[in-house]
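**Q** Sharing a structure, written as structure tokens. Questions coming.
There are 2 protein chains.
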Amino acid sequence: MKNIVLIGSGNLAEALAEAICRCEGIELRQIFGRNAARVAELSARTGIPGCTDPAHLAAADLYLLAVSDAAIPQLAASLPFGEGAAVVHTAGGIGLEALPERIARRGVLYPLQTFTQGRQVDFSRIPLFVEGSDDSFAGELEQLARRLSRTVARADSTRRAQLHLAAVFACNFVNHLYAVGAEVLRGADLPFETLAPLIEETAAKAIASGDPARMQTGPAVRGDLTTQQHHRRLLAARPDLERIYETLSEHIWQTSRKTS
Amino acid sequence: MKNIVLIGSGNLAEALAEAICRCEGIELRQIFGRNAARVAELSARTGIPGCTDPAHLAAADLYLLAVSDAAIPQLAASLPFGEGAAVVHTAGGIGLEALPERIARRGVLYPLQTFTQGRQVDFSRIPLFVEGSDDSFAGELEQLARRLSRTVARADSTRRAQLHLAAVFACNFVNHLYAVGAEVLRGADLPFETLAPLIEETAAKAIASGDPARMQTGPAVRGDLTTQQHHRRLLAARPDLERIYETLSEHIWQTSRKTS
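In the order they appear, the protein sequences are chains A and B. Here my numbering is used: the first residue of the first sequence is 1, the next is one more, and so on. Here my numbering is used: the first residue of the second sequence is 1, the next is one more, and so on.
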């Protein structure tokens with residue numbers, strides 16, 4: 001797989017375009033997308049030709065779909081891929097079967113990371129998980145992935161769904177708790193940045209320990225009911241936040257009793 | 001307040017001892033604690049005399065209690081503090097009134113950080129919140145705090161309780177979600193470190209944005225019910241985790257609808 005067409009112009013497409021451009025021996029032939037302004041922007045930044053018209057989709061060994069989950073089936077079914085080309089999507093929560101069976105070589109290349117416009121990430125540190133419609137193609141995809149990242153593993157659609165679910169807990173839900181923390185701080189007239197050293201240290205020590213359950217602190221794991229009652233009184237006007245408080249405190253207490 | 005006796009020998013006491021020792025013009029006279037082995041260890045590391053016998057508690061301008069929440073009232077009531085000495089505790093969730101009124105100058109110095117044995121933290125970056133039994137003492141404590149950290153603010157017991165509650169959401173509960181993510185990953189036979197780049201980036205982008213609610217991603221904020229149903233099926237054997245999933249997904253969806 002020496003040449004690639006990238007389909008999509010969002011944050012993941014941007015990160016992939018930059019990572020592929022840095023790989024020697026792999027040619028990024030074209031960036032195809034429906035958002036003309038974003039395609040032009042990515043094309044200008046990377047020097048790769050942009051395209052918005054399916055009739056002018058370039059020929060390539062591999063079409064890499066970095067588009068929203070919902071757009072995968074329709075794009076994969078409608079784009080005029082060349083005969084024998086491989087088509088790969090990049091979604092954690094979407095099975096291989098979202099790609100039509102008439103495409104002989106189908107696959108998935110899932111980067112376990114969150115991508116934000118304007119934020120650079122070190123692609124070589126992102127774990128990449130690959131799946132192929134046959135073992136030989138999976139091997140080829142794995143080789144490609146190893147040129148983009150130091151951490152590559154195979155994961156079928158079931159295993160990838162577990163990974164995606166773990167990411168929802170450790171990324172999406174964590175970010176929401178940051179947002180709740182920010183809201184509580186606003187009630188004390190303090191900016192979110194007050195929490196920055198605590199947030200950084202909490203992440204760093206969980207990672208350094210390799211076992212966050214062992215690093216659990218706070219009133220719930222201590223069984224400190226006095227503090228918990230005080231917190232519930234502070235949340236009396238916010239039953240929605242109290243429900244989150246109760247659910248997580250109870251689970252921390254139950255699981256700490258099981259493991260200790 | 002030129003000289004201090006530190007009471008306690010846990011992780012916070014260790015960080016405070018090291019930070020005070022680095023301050024010129026402030027003398028750390030003694031480290032007092034009930035755990036003889038830990039007191040000896042801190043004493044050896046810092047070169048400050050250790051003490052475990054209340055009868056030999058040194059005279060000082062300020063006694064700084066870095067002990068567990070539950071130990072504060074009993075220690076503050078029983079230790080033979082010198083006449084006119086100031087006594088300050090360091091707990092986020094405990095009011096000033098935990099210190100007996102017969103101590104004329106009472107206060108709180110609350111560092112918004114999580115402390116772990118063996119992990120160095122940059123004390124100068126930790127937000128410190130001070131409260132005093134009178135305005136003049138609060139001012140003295142504030143001056144002391146400014147020598148230890150670049151971020152110092154006053155917070156009475158009510159405001160400090162809000163801060164402590166925000167920290168429970170953004171630190172204790174976040175760490176528990178890391179633990180849940182680790183557990184889900186174990187189900188896919190992958191180590192927790194797989195999530196490290198994602199965890200680091202989630203924290204970094206929330207902090208850089210200053211507004212984590214605006215950075216929310218994932219199936220809940222997208223209203224992607226197909227993925228959510230898939231995740232709930234994966235959690236069918238774990239109603240405890242499904243409850244956390246439901247509670248947080250529903251709250252993300254409700255709050256995103258309010259703010260967007």
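All residues carry an ideal CB built from backbone N, CA and C; glycine is no exception. Since this is a predicted model, take the numbers as computed values, not measurements.
If you run the structure through DSSP and keep just helix, strand and coil, what is LEU28 (chain A)?
**A** In the structure shown, LEU28 (chain A) sits in a strand (DSSP, three-state: E or B).
**Q** Please list the segments of the beta strand (DSSP E) lying wholly inside the region 40 to 86 of chain A, counting only runs of 3 or more residues, in order along the chain.
**A** Entirely contained in the region 40 to 86 of chain A, the beta strand (DSSP E) runs reaching 3 residues are, in chain order, 62 to 65.
**Q** For a contact meaning CB atoms closer than 7 Å, what does ARG243 (chain A) contact in chain B?
**A** Neighbours of ARG243 (chain A) on chain B, chain order: THR247.
**Q** Within the continuous alpha helix (DSSP H) that includes ASN175 (chain A), where are the two ends?
**A** That run of the alpha helix (DSSP H) goes 174 to 187.
**Q** If you compare alpha carbons, which of B:CYS51, B:LEU190, B:VAL184 and B:CYS171 is closest to PHE262 (chain B)?
**A** Only positions 1 to 260 of chain B appear in the structure, and residue 262 (chain B) is not among them; the question remains open.
**Q** What does ASP156 (chain B) touch in chain A if you count any residue whose Cβ is under 7 Å from its own?
**A** Simply none; closest approach about 10 Å.
**Q** Measuring alpha carbon to alpha carbon, tell me which of A:LEU16, A:SER149 and A:ARG186 ends up nearest VAL67 (chain A).
**A** If we check each option's Cα against that of VAL67 (chain A), A:LEU16 comes out closest.
**Q** With the cut-off set at 8 Å, would you say LEU165 (chain A) and LEU234 (chain B) are in Cβ contact?
**A** Yes, these two residues count as a Cβ contact at 8 Å.
**Q** Between which residues of its own chain and MET215 (chain A) is the CB-CB distance below 7 Å, once the five residues before and five after are set aside?
**A** Counting only Cβ-Cβ distances below 7 Å, and skipping sequence neighbours, we find LYS205, ALA206 and SER209.
**Q** Have a look at ILE244 (chain B) and LEU163 (chain B) and give me their C-alpha separation to the nearest angstrom.
**A** Cα to Cα, ILE244 (chain B) sits roughly 24 Å from LEU163 (chain B).
**Q** Output yes if chain B places a C-beta closer than 8 Å to the C-beta of ALA170 (chain A); else output no.
**A** Cβ-Cβ to chain B under 8 Å: yes for ALA170 (chain A).
**Q** Does the beta carbon of SER260 (chain A) sit closer than 8 Å to a beta carbon anywhere in chain B?
**A** Residue placement at SER260 (chain A) cannot be trusted, given a pLDDT of 44 that sits under 50; the coordinates are not used to answer.
**Q** Can a CB atom of chain B be found closer than 8 Å to the CB of LEU16 (chain A)?
**A** Not closer than 8 Å to any Cβ of chain B, the Cβ of LEU16 (chain A) fails to qualify, so no.
**Q** State yes or no: is the C-beta of PHE192 (chain B) within less than 8 Å of the C-beta of ASP211 (chain A)?
**A** Closer than 8 Å, so yes.
**Q** Apart from the five residues just before and just after SER133 (chain B), which ones in its own chain have a Cβ nearer than 7 Å to its Cβ?
**A** Counting only Cβ-Cβ distances below 7 Å, and skipping sequence neighbours, we find LEU96, ARG105, ARG106 and GLY107.
**Q** Does any residue of chain B bring its CB to less than 8 Å from the CB of HIS89 (chain A)?
**A** Chain B contact via Cβ: absent.
**Q** Taking C-beta to C-beta, are LEU64 (chain A) and THR90 (chain A) nearer than 8 Å?
**A** Yes. Within cutoff.
**Q** Take ILE48 (chain B) as the anchor and find which of B:VAL88, B:SER9 and B:THR194 has the nearest alpha-carbon.
**A** Out of B:VAL88, B:SER9 and B:THR194, B:SER9 has the C-alpha closest to the C-alpha of ILE48 (chain B).
**Q** Tell me where the beta strand (DSSP E) around GLU14 (chain B) begins and ends.
**A** Unbroken run through GLU14 (chain B) is the alpha helix (DSSP H), 11 to 21; no beta strand (DSSP E).
**Q** Quick check on DSSP: helix, strand or coil for ARG238 (chain A)?
**A** Reduced to three states, the DSSP call for ARG238 (chain A) is coil.
**Q** Check whether the Cβ atoms of THR227 (chain B) and GLY93 (chain A) lie closer than 8 Å to each other.
**A** Contact flag set, yes.
**Q** Does GLU201 (chain A) come within less than 8 Å of chain B when only Cβ atoms are used?
**A** It does; some Cβ of chain B falls within 8 Å.
**Q** Nearest by alpha-carbon distance to ALA36 (chain B): which of B:ALA19, B:GLY50 and B:GLY25 is it?
**A** Nearest option by C-alpha distance: B:GLY50.
**Q** Nearest by alpha-carbon distance to THR158 (chain A): which of B:GLY187, B:THR151 and B:GLY181 is it?
**A** With distances taken between Cα atoms, THR158 (chain A) lies closest to B:GLY187.
**Q** Looking only at its own chain, which residues have a Cβ that is under 8 Å from the Cβ of ALA85 (chain B), when we skip the five neighbours before and after it?
**A** Closer than 8 Å at Cβ, skipping near neighbours: ALA59, ALA60, ASP61, LEU62, TYR63, ILE103 and ARG105.
**Q** With ARG222 (chain B) as the anchor, note down where its alpha helix (DSSP H) starts and where it stops.
**A** Note, ARG222 (chain B): alpha helix (DSSP H), 219 to 222.
**Q** Shorter than 8 Å from the beta carbon of TYR178 (chain B) to some beta carbon of chain A?
**A** Taking Cβ atoms only, chain A reaches closer than 8 Å to TYR178 (chain B), which makes this a yes.
**Q** Bridge partners of ASN3 (chain A), per DSSP?
**A** A:GLU27, per the DSSP bridge assignment.
**Q** Relative to the C-alpha of LEU128 (chain B), which residue among B:ARG150, B:ARG119 and B:VAL168 is closest?
**A** When each option's Cα is compared against that of LEU128 (chain B), the closest is B:ARG150.
**Q** Where GLY139 (chain B) and ILE4 (chain B) are concerned, what is the direct C-alpha to C-alpha distance, given to the nearest angstrom?
**A** In a straight line, the C-alpha of GLY139 (chain B) is about 17 Å away from that of ILE4 (chain B).
**Q** For HIS89 (chain A), which residues does DSSP report across the bridge?
**A** Looking at the DSSP assignment, HIS89 (chain A) forms a beta bridge with A:LEU65 and A:VAL108.
**Q** Quick check on the burial criterion: 16 or more other C-beta atoms within 10 angstroms. Buried or exposed for SER260 (chain B)?
**A** With a pLDDT of only 44 at SER260 (chain B), under the threshold of 50, the placement of this residue in the model should not be trusted; the figure read from the coordinates follows. When all chains shown are included, SER260 (chain B) counts as exposed.
**Q** Should GLU24 (chain B) go down as buried or exposed, given a rule of 16 or more other Cβ atoms within 10 Å for buried?
**A** Under this definition GLU24 (chain B) is an exposed residue.
**Q** Considering Cα atoms alone, identify which of A:GLN229, A:TRP253 and A:ILE252 is closest to GLU242 (chain A).
**A** Closest option to GLU242 (chain A), Cα to Cα, is A:GLN229.
**Q** Under three-state DSSP, which class holds ARG102 (chain A)?
**A** Three-state DSSP puts ARG102 (chain A) in coil, outside helix and strand.
**Q** Can you give the Cα-Cα distance for LEU248 (chain A) and PHE173 (chain B), rounded to whole angstroms?
**A** In a straight line, the C-alpha of LEU248 (chain A) is about 7 Å away from that of PHE173 (chain B).
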